[in-house]
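See below for the structure under consideration.
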Amino acid sequence: MASSCSLRHNVCKSSRILRIHLQKSWPNRCFLIFCLFFFIIIIIFFSEEIVIPRKKTWSKEAVLQALASTVKRDPTASDSRFQDDPYLTPKTSSEFKLFSLSQESGRNAAKYFINTYPKYFQKDYAQPHIPCLMPETLEAQIEEASEAALIERIRMRRVKAAVDLYDQLLQAGTSVSLNVTNQLLDLICFCGDHDLARENVPEQRNEETEDVQDEPQAKEGRAPKASGLLKATWKENNNAERIFALLSEPNTHSYSALIRGMVKYGAYSKAFSTYTDMLNNRLKADVHTFNALITAAPEVKEKYNEKWELIVDLLKQMAEQKVKPNLLTLNAVLKALRHCGTLGKSQAFPVISEMKALSIDPSLASYNHLLAIFYKTGAPIQGQTDILQEVMNEVSGKSFTAQDPDDGICISLQRYNGLKVYIFFMSSSTDIKQLGHANRQNLVEELLTLMAREKHNQEVQESFAECALDIKKIYDTGDRGKVLLSWTAGSLSDLISVLLAAHRRQDAWEMLKLFKTHNRVPSEELLNKFLTCVKEAGEVNQAVELVQISAGFCLPETPKLIQRVQQEFELTEGQRNMLSDLEIQTFNSN
Amino acid sequence: IVSSQLFPAACFRNIHCTAACLKNRAARIRVGKGDKSVTYEQAYHPHHIGHRKGWLSQHTSNLQGEDGAAERVVEDVFIRRFMYGTFHGCLADEVVIKRRGNLLVICAVMIQKLLPSKFYFLIGYTEELLSHFYKCPVKIEMQTVEEKVVYKYL
Numbered sequence: 001m002a003s004s005c006s007l008r009h010n011v012c013k014s015s016r017i018l019r020i021h022l023q024k025s026w027p028n029r030c031f032l033i034f035c036l037f038f039f040i041i042i043i044i045f046f047s048e049e050i051v052i053p054r055k056k057t058w059s060k061e062a063v064l065q066a067l068a069s070t071v072k073r074d075p076t077a078s079d080s081r082f083q084d085d086p087y088l089t090p091k092t093s094s095e096f097k098l099f100s101l102s103q104e105s106g107r108n109a110a111k112y113f114i115n116t117y118p119k120y121f122q123k124d125y126a127q128p129h130i131p132c133l134m135p136e137t138l139e140a141q142i143e144e145a146s147e148a149a150l151i152e153r154i155r156m157r158r159v160k161a162a163v164d165l166y167d168q169l170l171q172a173g174t175s176v177s178l179n180v181t182n183q184l185l186d187l188i189c190f191c192g193d194h195d196l197a198r199e200n201v202p203e204q205r206n207e208e209t210e211d212v213q214d215e216p217q218a219k220e221g222r223a224p225k226a227s228g229l230l231k232a233t234w235k236e237n238n239n240a241e242r243i244f245a246l247l248s249e250p251n252t253h254s255y256s257a258l259i260r261g262m263v264k265y266g267a268y269s270k271a272f273s274t275y276t277d278m279l280n281n282r283l284k285a286d287v288h289t290f291n292a293l294i295t296a297a298p299e300v301k302e303k304y305n306e307k308w309e310l311i312v313d314l315l316k317q318m319a320e321q322k323v324k325p326n327l328l329t330l331n332a333v334l335k336a337l338r339h340c341g342t343l344g345k346s347q348a349f350p351v352i353s354e355m356k357a358l359s360i361d362p363s364l365a366s367y368n369h370l371l372a373i374f375y376k377t378g379a380p381i382q383g384q385t386d387i388l389q390e391v392m393n394e395v396s397g398k399s400f401t402a403q404d405p406d407d408g409i410c411i412s413l414q415r416y417n418g419l420k421v422y423i424f425f426m427s428s429s430t431d432i433k434q435l436g437h438a439n440r441q442n443l444v445e446e447l448l449t450l451m452a453r454e455k456h457n458q459e460v461q462e463s464f465a466e467c468a469l470d471i472k473k474i475y476d477t478g479d480r481g482k483v484l485l486s487w488t489a490g491s492l493s494d495l496i497s498v499l500l501a502a503h504r505r506q507d508a509w510e511m512l513k514l515f516k517t518h519n520r521v522p523s524e525e526l527l528n529k530f531l532t533c534v535k536e537a538g539e540v541n542q543a544v545e546l547v548q549i550s551a552g553f554c555l556p557e558t559p560k561l562i563q564r565v566q567q568e569f570e571l572t573e574g575q576r577n578m579l580s581d582l583e584i585q586t587f588n589s590n
Numbered sequence: 001i002v003s004s005q006l007f008p009a010a011c012f013r014n015i016h017c018t019a020a021c022l023k024n025r026a027a028r029i030r031v032g033k034g035d036k037s038v039t040y041e042q043a044y045h046p047h048h049i050g051h052r053k054g055w056l057s058q059h060t061s062n063l064q065g066e067d068g069a070a071e072r073v074v075e076d077v078f079i080r081r082f083m084y085g086t087f088h089g090c091l092a093d094e095v096v097i098k099r100r101g102n103l104l105v106i107c108a109v110m111i112q113k114l115l116p117s118k119f120y121f122l123i124g125y126t127e128e129l130l131s132h133f134y135k136c137p138v139k140i141e142m143q144t145v146e147e148k149v150v151y152k153y154l
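Quick mapping for you: the protein sequence lines, in order, are chains A and B.
Position 79 of the first sequence, counted from 1, bears residue number 79 in full-length UniProt numbering, the numbering being contiguous throughout.
Position 2 of the second sequence, counted from 1, bears residue number 2 in full-length UniProt numbering, the numbering being contiguous throughout.
Here it is in structure tokens:
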């Protein structure tokens, strides 16, 4: 401010001086105006006006977002459960299962120690309190024998304690309401009459629950089996039946619980006899009972038509009792039809129409069962692709929620452009390994034939080629000497044709070498196709090598190939000599 | 510290004892005949920490205004002994303990002495037990080597 004031004084002074001077010299008027302008500009310049830019506001998470944008998911890493080390990364699906199961059993061993010696784990450092890190208080709160105590034990899923308490109550004379008894029956039938939580602990295993086929070893030394689930069976005169017998007036719920328990644990014929009892007592069954019975139906009869008649009978009774079928009912029917052979094929579609009529949306499991009914090995491929196409009409564009336990495993097919079908796997090709079907080999081969059969447009071929390379990896990664799948001439040829159609000549060339290593013979049309492809690319050397390979296999069409190469390619002197030698060789061997 | 007073009537001496801190001998492996193999961690002495070595235990309680340093030390000692005992004979080098917020990360380098499934069993066991013991999530980050990495022979 001071500077500008003083400057103004100076400016005024100097302009006065200038005026006096200029009055003397008149032609300098223009010069005066120019100087005045100059001074005005300087004044403006010194007036110190500052333009403040608009304030930028960042959200509270801006820094975190910026940091997060630098980190991406690593697609090559193994599952987050496992350690990031080459020695400790699972390379096959069985290793995957083995490692995750061993980790789980380690956790269970730790839990055993924590729950057996809870006094060492009582000190509570955590603020706020973390209940899941405290040892489990498995002691029930309510001690005296009452119905509330029983309900509590049922809620804590302590089967043995609940049953004992129930007996105690009955002996003491207190009646237990039907509702609670039904809950108890539900618990017993679901858990199969043994406690759930303590299964993995060897010391606490009871003598009574003996029919265990696989026991997961909590210790090292023996690798736990990949399918290490306890499979108990329904025993005679167990607690469920006993308690059921004690009921004076069993209602639908009780029967339902009992039947479902029997079906779950394998006592199929018993389930049916219980059902007949129920009908004799003039009780109506509910939808869950019927679902269980339909699941059990294929096990009690031998011949296909008997099975189907039983199922139809059950469905009729269901209609009579005015019980509405739900998704699980119809899925159970489809699942049973898998065991019905050719009859299943004819009956599958009426079932689907029923589903539509009842406005029940078929789930992934329904489609899985459908495919299983039709996709048997040995059946002609033609019929299958039609089914697959139709299934895929339905499936494309829909999202599925898991409604049935079978929804998990499914090969998914997707429709493209309304005309062609191309196959992609739901997850990577390790899924095929995990499928563990006995007819895996046939499955993969059929897949390859399907892909190779028709000529599709470019995009589809590209994805086919990706698929084919994945499949090649399955064939190659043998698990410590154990070969998962073995190449056949047909599958190799199909794979190569798929790769050729996608213009992947290099990959196809490598595959061709595999013929030699696996002792398989390539077909004539494959070699011709290869030659055409090579011709398009103009690779003369590869053409000659192709002929040499064919001669190496002593194929009858070698002379034709030689002729083709001689006509279609421009050969050098050396190559021509080589070819004529080969020609003579093959002529001699013929 | 010994002090004396010059008063003839009150001539006495005090002795103040501390425990012997062998600061010149801790965490040092002395040079010997040349047959003893020694890892990098063992080869460098404590005064090299921060210069040629890193820290084996990382937490914030040694910062100004933070408390709980002593508790962290006790926890660390327990964790090291626990790891030494659980993965007996497998540890290739000292265990590194990192604390990130509530999470306790135990980083260990192991020799490939056991099958991977056995390693995973022990990992699951350790994680679960220590989580319940310290009431905080515990993660193990393990790396394996074929044999102990020798830095030099002393």
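Note that the Cβ used here is the ideal one computed from N, Cα and C, for glycine as well.
What you are looking at is a predicted structure, and each value in this text was computed from that prediction instead of being measured.
| Check | Outcome |
| --- | --- |
| Pair within 8 Å by beta-carbon distance, Gln103(A) and Glu141(B) | no |
| Burial state of Asp93(B) (16 or more Cβ within 10 Å) | buried |
| Spatially closest choice to Ile188(A) from Thr174(A), Arg157(A), Asn179(A) and His288(A), by CA coordinates | Arg157(A) |
| Per-residue DSSP class, three states only, for Ser269(A) | helix |
| Contacting residues, own chain, Cβ-Cβ under 6 Å from Gly65(B) (five flanking each side not counted) | none |
| Residues within the region 132 to 144 of chain B neighbouring chain A, beta-carbon criterion of under 9 Å | His132, Phe133, Tyr134, Lys135, Cys136, Pro137, Ile140, Glu141, Met142, Gln143 and Thr144 |
| Whether Leu247(A) touches Thr181(A) by CB criterion (8 Å) | yes |
| Under 9 Å from the C-beta of Phe96(A): neighbouring residues of chain B | Those do not exist, as Phe96(A) stays about 11 Å from chain B at its closest Cβ, beyond 9 Å. |
| Which of helix, strand or coil DSSP assigns to Tyr84(B) | helix |
| Cross-chain neighbours of Ser105(A) in chain B, by beta carbon under 8 Å | Phe121 and Gly124 |
| Three-pair Cβ contact test at 8 Å for the region 52 to 68 of chain B versus the region 109 to 124 of chain B | no |
| Cβ pair Ser177(A), Glu147(A) closer than 8 Å | yes |
| Within-8 Å CB hit, Pro135(A) to chain B | yes |
| The region 79 to 91 of chain B touching the region 56 to 73 of chain A, judged by at least three CB pairs closer than 8 Å | no |
| Beta carbon proximity, Pro216(A) to chain B, threshold 8 Å | Caution is warranted here: a pLDDT of 38 is assigned to Pro216(A), below 50, making its placement in the model unreliable, and no coordinate value can be reported. |
| Contact under 8 Å by Cβ, Ser106(B) with Val77(B) | For clarity, residue 106(B) is Ile in the given sequence; the question names Ser instead. No, Cβ-Cβ distance for Ile106(B) and Val77(B) is not below 8 Å. |
| Listed by chain order, chain A residues near Pro116(B) by CB distance under 7 Å | Tyr87, Leu88 and Phe99 |
| 7 Å CB neighbourhood of Ala537(A) in its chain, flanking five on each side removed | Arg505 |
| For Val351(A) and Leu495(A), the rounded distance between their alpha carbons | 37 Å |
| Helix, strand or coil at Tyr153(B) [DSSP, three-state] | strand |
| Segment limits, beta strand (DSSP E) that includes Val547(A) | Counting along the chain, Val547(A) falls outside any beta strand (DSSP E), though it belongs to the alpha helix (DSSP H) covering Val540 to Gly552. |
| Continuous beta strand (DSSP E) stretch holding Glu66(B): start and end | Glu66(B) -> no beta strand (DSSP E), and no H or E assigned at all. |
| Within-8 Å CB hit, Ile584(A) to chain B | no |
| Close beta carbons around Gly266(A), own chain, < 8 Å, minus the five adjacent residues each side | Thr233 and Trp234 |
| Integer Cβ distance of Tyr255(A) from Thr289(A), believed to fall under 8 Å | 7 Å |
| Span separating the alpha-carbon of Ala292(A) from that of Val333(A) | 11 Å |
| Beta-carbon proximity list for Gln168(A), same chain, < 8 Å, skipping 5 on both sides | Ala145 |
| Under the three-state DSSP convention, the category Ala172(A) falls into | helix |
| Start-to-end residues for the alpha helix (DSSP H) that takes in Cys533(A) | Glu524 to Ala537 |
| Assigned secondary structure, Ser57(B) (DSSP; H/G/I helix, E/B strand, else coil) | strand |
| Rounded separation between Thr532(A) and Asp74(A) - CA only | 40 Å |
| Val565(A) beta carbon less than 8 Å from that of Leu579(A) | yes |
| Chain B contact for Gln321(A) (CB, 8 Å cutoff) | no |
| Chain A within 8 Å of Leu104(B), Cβ atoms only | no |
| Through-space distance from Glu568(A) to Val540(A), alpha-carbon basis | 10 Å |
| Local Cβ density within 10 Å of Phe38(A), reported as buried at 16 or more and exposed below that | exposed |
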